[in-house]
Amino acid sequence: MLRFVVALQAEAHPLVGRFGMAAVSEAPFPVYRSEEAWLIVSGHGKAASAAATAYLHLMAGGALGRAWLNVGLGGHSQRKLGEGVLAHKISDAASGASWYPQLVIDSPGPTVPVLSVERVEEEYAPPWVYESEAAGFFPTACRFSVAELVHVYKVISDNPDATLSRRMSSRAVEAAIASNLDRIEAFARGLTDLARELEALAAEPPGYPEALERWSFTAAQQLRLRRLLRRLAALDPASSRDPAYLESLFDGARAEREVLRSLEARLAVIPIRLPPPGAAADDLR
Amino acid sequence: MIYVEEEILAHPRTLQIQSRFPDAEVVPCSRYSEIFNRRAQHFRLQKRRPSLILARKHRSFVQEAPAGFGVKGARSFTFSHMHNCIYDCRYCFLQGMYRSAHYVVFINYEDYQWAIEERLRSLPNGSAWFFSGYDCDSLALEPVTRFAASFVPFFARFPAAFLELRTKSTQIKSLLDMEAPPNVIVAFSFTPAEVAASVEHLTPSVDRRIRAMKKLQERGWRLGLRFDPLIYDEGFREQYRRLYEQVFGAVRVESLHSVSLGPFHLPGGLFRNMARLYPESPLFAAPLDETGGQVGYRRDLEEEMMGFCREELLRHIPPEIFCPGLSALPAAHAAEAASPLGEAAM
Chain W
257 MLRFVVALQA
267 EAHPLVGRFG
277 MAAVSEAPFP
287 VYRSEEAWLI
297 VSGHGKAASA
307 AATAYLHLMA
317 GGALGRAWLN
327 VGLGGHSQRK
337 LGEGVLAHKI
347 SDAASGASWY
357 PQLVIDSPGP
367 TVPVLSVERV
377 EEEYAPPWVY
387 ESEAAGFFPT
397 ACRFSVAELV
407 HVYKVISDNP
417 DATLSRRMSS
427 RAVEAAIASN
437 LDRIEAFARG
447 LTDLARELEA
457 LAAEPPGYPE
467 ALERWSFTAA
477 QQLRLRRLLR
487 RLAALDPASS
497 RDPAYLESLF
507 DGARAEREVL
517 RSLEARLAVI
527 PIRLPPPGAA
537 ADDLR
Chain Z
62 MIYVEEEILA
72 HPRTLQIQSR
82 FPDAEVVPCS
92 RYSEIFNRRA
102 QHFRLQKRRP
112 SLILARKHRS
122 FVQEAPAGFG
132 VKGARSFTFS
142 HMHNCIYDCR
152 YCFLQGMYRS
162 AHYVVFINYE
172 DYQWAIEERL
182 RSLPNGSAWF
192 FSGYDCDSLA
202 LEPVTRFAAS
212 FVPFFARFPA
222 AFLELRTKST
232 QIKSLLDMEA
242 PPNVIVAFSF
252 TPAEVAASVE
262 HLTPSVDRRI
272 RAMKKLQERG
282 WRLGLRFDPL
292 IYDEGFREQY
302 RRLYEQVFGA
312 VRVESLHSVS
322 LGPFHLPGGL
332 FRNMARLYPE
342 SPLFAAPLDE
352 TGGQVGYRRD
362 LEEEMMGFCR
372 EELLRHIPPE
382 IFCPGLSALP
392 AAHAAEAASP
402 LGEAAM
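These protein sequence lines are chains W and Z, in that order. Under my numbering, the first sequence is numbered contiguously, ending at residue 541. Under my numbering, the second sequence is numbered contiguously, ending at residue 407.
Okay, structure coming up:
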């Protein structure tokens, strides 16, 4: 459900540890995974970040609608070293293009605009976070998910008083990310919950896979079957999740058409009752 | 979070709206279409926490209403100062039309008013109807937008023109603070309390809407009733009968300009988008048919509901104020009129 993209190996280590990931490949990008998360180390720059994002999407199975988080370091003219911030706008300094991550859960920190630059900046004229990956990561990840599930979290490593990132040891980079791990984890889990909600919306209705295994529906019949089972799930959610109930509907049907007719007959006698507020029928969360 | 187009960052109405949200982060953007309705967005997820977007509208301020809609014998137009709604009505076509749930407010009211005035000057007698409240609720965000506070006095200058504000809101303070012009109709939408509680999320209760109508009635405002869309439940007869008794027990017929009924109809494409967003909703699992590209209740069911509700309604009102043509604007027209793509192309 969760996909991390980071630029440096040292940024990866705290996340790999926190999410219990193990290495699964070293080239062309180092990739780690656990039951709940995948992580890829992209290297520096927006092109590398875009390539790694696409690579991870495919390597992780190509499922759409997953939660994606770019974690890294950035410079800012005013913010304190070590502070974690979330991007509410990402601009590409080279092209001028902008993107807007859509925040629908609590932010793990202040939200800021992020400017992706090609070279290291020493003067942070507008008070944005300066970094190098977000403009590659964000639009690429949005091809595989929705903007509500794709975010960029940066830890301030440089400001006018200190340019740590260029002198930073791996250990210091790890420490900067590690000091933000609780916030990152809470936010990542929130995004994962949203991704699960999306997955539930797209799920096949109860009884559909079983019916396909048992009979040979034509493509048109499959569409009809799916529609009928969805209606059944919406109008009589408890029964539709009961295998014995579904079995009773299918029982005795010798052909696909009889299955569909049996479902239609059942739907025709279910009374239409709009659920009272707060009832589970209109709530997948 | 409030997104604001850079060109209107210093506009007085922008500043006034921003001042209502002193803690909100202001994010400048070039055009609202950079944020609103982008391809990779999800309406249902965004509806959990929609943002306000302040924008300037550049064209298509006023649209001609489609044939068959409006007041018989009069030219009818629609206009929208806002896209999307703070309410969350499961039957609303906006869910199927936009990928974004953010509220876009176009702050250049004066340009709308100029366009309306121009239309009026081009018409013989300057007589026409203007309908607000299809891509949004006319009053729900009134304390923030001051839309009615700006447009009601404007219409008061054109006595031959009529404005309909369509709403489920109880935000009527700005109306109560001014004289009621005879050419402005405040039309309240209703479904029965049980239906409203089930599918009209975040809206004021039927009771509160009726109380708001009573206050307006006492101040001389002309009112409208829109029982629209009619929503089926196995108890619909009893539910609609009770609703009519409740409404007409409080609202005097003499205060009413018009009453309308509208069936539940949606263009097929929008319906399918909505059903994908809320597959668990019994509303979309009811016996529905698609005819001529429009999805609605099965014809026999629709005729039964329309017939029953019309008959019951006419027990309470004289037929002269029953105006079926004021039922819902076909959503396909609204979708076309409100398309942000045209704006984005500017």
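Where is the CB? At the ideal position from N, CA and C, for every residue including glycine.
Residue environment, residue i, which counts as buried when at least 16 other CB atoms sit within 10 Å
i, result
"VAL376 (chain W)", "exposed"
"THR352 (chain Z)", "exposed"
"SER426 (chain W)", "exposed"
"ALA494 (chain W)", "exposed"
"GLY340 (chain W)", "buried"
"ARG285 (chain Z)", "Here the sequence assigns Gly to residue 285 (chain Z), which means Arg is not the residue at that position. GLY285 (chain Z) should be labelled buried."
"VAL262 (chain W)", "buried"
"ARG229 (chain W)", "No statement about residue 229 (chain W) is possible, as the shown extent of chain W runs from 257 to 541 and does not include it."
"TRP175 (chain Z)", "exposed"
"ASP268 (chain Z)", "exposed"
Endpoints, beta strand (DSSP E) assigned at residue i
i, result
"THR252 (chain Z)", "Unbroken run through THR252 (chain Z): none, as it is neither H nor E."
"LYS253 (chain W)", "Residue 253 (chain W) lies beyond the residue range present for chain W, which begins at 257 and ends at 541; the question has no answer from this structure."
"TYR64 (chain Z)", "63-66"
"HIS269 (chain W)", "Not the beta strand (DSSP E): HIS269 (chain W) falls in the alpha helix (DSSP H), residues 265-274."
"PRO89 (chain Z)", "87-90"
"GLU225 (chain Z)", "222-228"
"TRP324 (chain W)", "323-331"
"LEU263 (chain Z)", "Segment: none, LEU263 (chain Z) is in no beta strand (DSSP E) and carries neither H nor E."
"SER94 (chain Z)", "No beta strand (DSSP E) holds SER94 (chain Z); DSSP gives it neither H nor E."
"ALA281 (chain W)", "In the sequence under discussion, the amino acid at residue 281 (chain W) is Ser, which differs from the Ala named in the question. Unbroken beta strand (DSSP E) run through SER281 (chain W): 278-281."
"GLU387 (chain W)", "385-387"
"LEU317 (chain Z)", "317-322"
Continuous alpha helix (DSSP H) stretch holding residue i: start and end
i, result
"ARG513 (chain W)", "512-525"
"PHE167 (chain Z)", "Not the alpha helix (DSSP H): PHE167 (chain Z) falls in the beta strand (DSSP E), residues 164-167."
"LYS118 (chain Z)", "It is not in any alpha helix (DSSP H) - LYS118 (chain Z) carries neither H nor E in the DSSP assignment."
"VAL213 (chain Z)", "208-217"
"GLN477 (chain W)", "475-491"
"VAL370 (chain W)", "Premise fails: VAL370 (chain W) lies in the beta strand (DSSP E), 367-372, not in any alpha helix (DSSP H)."
"LYS345 (chain W)", "From DSSP, LYS345 (chain W) is part of no alpha helix (DSSP H) but of the beta strand (DSSP E) over 340-348."
"GLN232 (chain Z)", "Neither: GLN232 (chain Z) is in no alpha helix (DSSP H) and is coded neither H nor E."
"ASP438 (chain W)", "437-458"
"GLU365 (chain Z)", "360-374"
"ILE78 (chain Z)", "73-79"
Residue nearest to residue i in terms of C-alpha spacing, selected from the options
i, options, result
"PRO253 (chain Z)", "Z:LEU286, Z:PRO111 and Z:TYR301", "Z:TYR301"
"GLU363 (chain Z)", "Z:ARG269, Z:PRO127, Z:PHE215 and Z:ASP289", "Z:ASP289"
"PRO462 (chain W)", "W:ALA442, W:ALA476, W:ARG487 and W:ILE440", "W:ARG487"
"THR474 (chain W)", "W:PHE506, W:GLY299 and W:ALA511", "W:ALA511"
"ASN436 (chain W)", "W:GLY508, W:ILE361 and W:LEU342", "W:LEU342"
"MET158 (chain Z)", "Z:PHE97, Z:SER266 and Z:TYR358", "Z:PHE97"
"ALA221 (chain Z)", "Z:PRO204, Z:SER230, Z:ILE177 and Z:VAL88", "Z:ILE177"
"SER211 (chain Z)", "Z:PHE249, Z:TYR64, Z:ASP172 and Z:LEU331", "Z:ASP172"
"VAL370 (chain W)", "W:GLN358, W:LYS302, W:ASP348 and W:PHE400", "W:ASP348"
"ALA431 (chain W)", "W:ARG482, W:SER496 and W:LEU337", "W:LEU337"
"VAL408 (chain W)", "W:GLU389, W:ALA418 and W:PRO286", "W:GLU389"
"PHE297 (chain Z)", "W:ALA306, W:ILE528, W:ALA451 and W:ASP449", "W:ILE528"
"ASP84 (chain Z)", "Z:MET62, Z:SER235 and Z:GLY187", "Z:MET62"
Residue i: CB within 7 Å of a non-hydrogen atom of the ligand MG
i, result
"TYR64 (chain Z)", "The model on display carries no ligand, and the ligand MG is accordingly not part of it."
Q.
Pairs of beta-carbons, one from the region 324-339 of chain Z and one from the region 89-102 of chain Z, closer than 8 Å: are there three or more?
A. no
Q: Give, in chain order, every residue of the region 323-341 of chain Z whose Cβ lies closer than 9 Å to some Cβ of chain W.
A: ALA336, ARG337, LEU338, TYR339, PRO340 and GLU341
Q: Return the residues of the region 87-110 of chain Z that lie within a Cβ-Cβ distance of less than 9 Å from chain W, sorted by chain order.
A: VAL88, PRO89, CYS90, SER91, GLU95, ILE96, ARG99, ARG100, ALA101, GLN102, HIS103, ARG105, LEU106, GLN107, LYS108, ARG109 and ARG110
(Q) Any C-beta of chain Z within less than 8 Å: which residues of the region 387-404 of chain W qualify? (A) CYS398, ARG399, SER401, VAL402, ALA403 and GLU404
Q: Anything in the region 473-487 of chain W with a Cβ closer than 8 Å to a Cβ of chain Z? List those residues in chain order, please.
A: ARG486 and ARG487
Q | Against chain Z: residues of the region 506-526 of chain W by CB proximity under 7 Å | A | none
Q) Do the region 340-355 of chain Z and the region 313-320 of chain Z make contact, defined as three or more Cβ pairs closer than 8 Å? A) no
Q | Under 9 Å (Cβ pairs) to chain W, residues found in the region 264-281 of chain Z | A | none
Q. Are the region 135-152 of chain Z and the region 192-206 of chain Z touching, with three or more C-beta to C-beta distances below 8 Å?
A. yes
Q: Could you run through the region 330-354 of chain W and flag, in chain order, every residue whose CB is less than 8 Å away from some CB of chain Z?
A: HIS344, LYS345 and SER354
Q | Within 8 Å of chain Z by C-beta, residues of the region 361-377 of chain W in sequence order | A | ILE361, THR367 and PRO369
Q: Identify each residue in the region 62-84 of chain Z for which the Cβ-Cβ distance to at least one residue of chain W is less than 9 Å, and report them in chain order.
A: MET62 and TYR64
Q. Is it true that the region 126-145 of chain Z meets the region 67-76 of chain Z, where meeting means three or more beta-carbon pairs spaced less than 8 Å apart?
A. no
(Q) Assess contact between the region 265-272 of chain W and the region 295-305 of chain W, defined as three or more Cβ pairs (one per stretch) separated by less than 8 Å. Is contact present? (A) yes
**Q.** Stretch pair the region 360-367 of chain W + the region 305-323 of chain W: three plus CB contacts closer than 8 Å
**A.** no
Q. Quick one, which residues of the region 261-279 of chain W are near chain Z if we go by CB-CB under 8 Å, in chain order?
A. none
Q: Please name the residues in the region 174-206 of chain Z whose beta-carbon is closer than 8 Å to at least one beta-carbon of chain W, in chain order.
A: none
Q) Which residues, in chain order, does the region 293-306 of chain Z contribute to contact with chain W at a C-beta distance below 7 Å? A) TYR293, ASP294 and GLU295
Q: Quick one: which residues of the region 113-128 of chain Z get their C-beta closer than 7 Å to a C-beta of chain W? List them in chain order.
A: none
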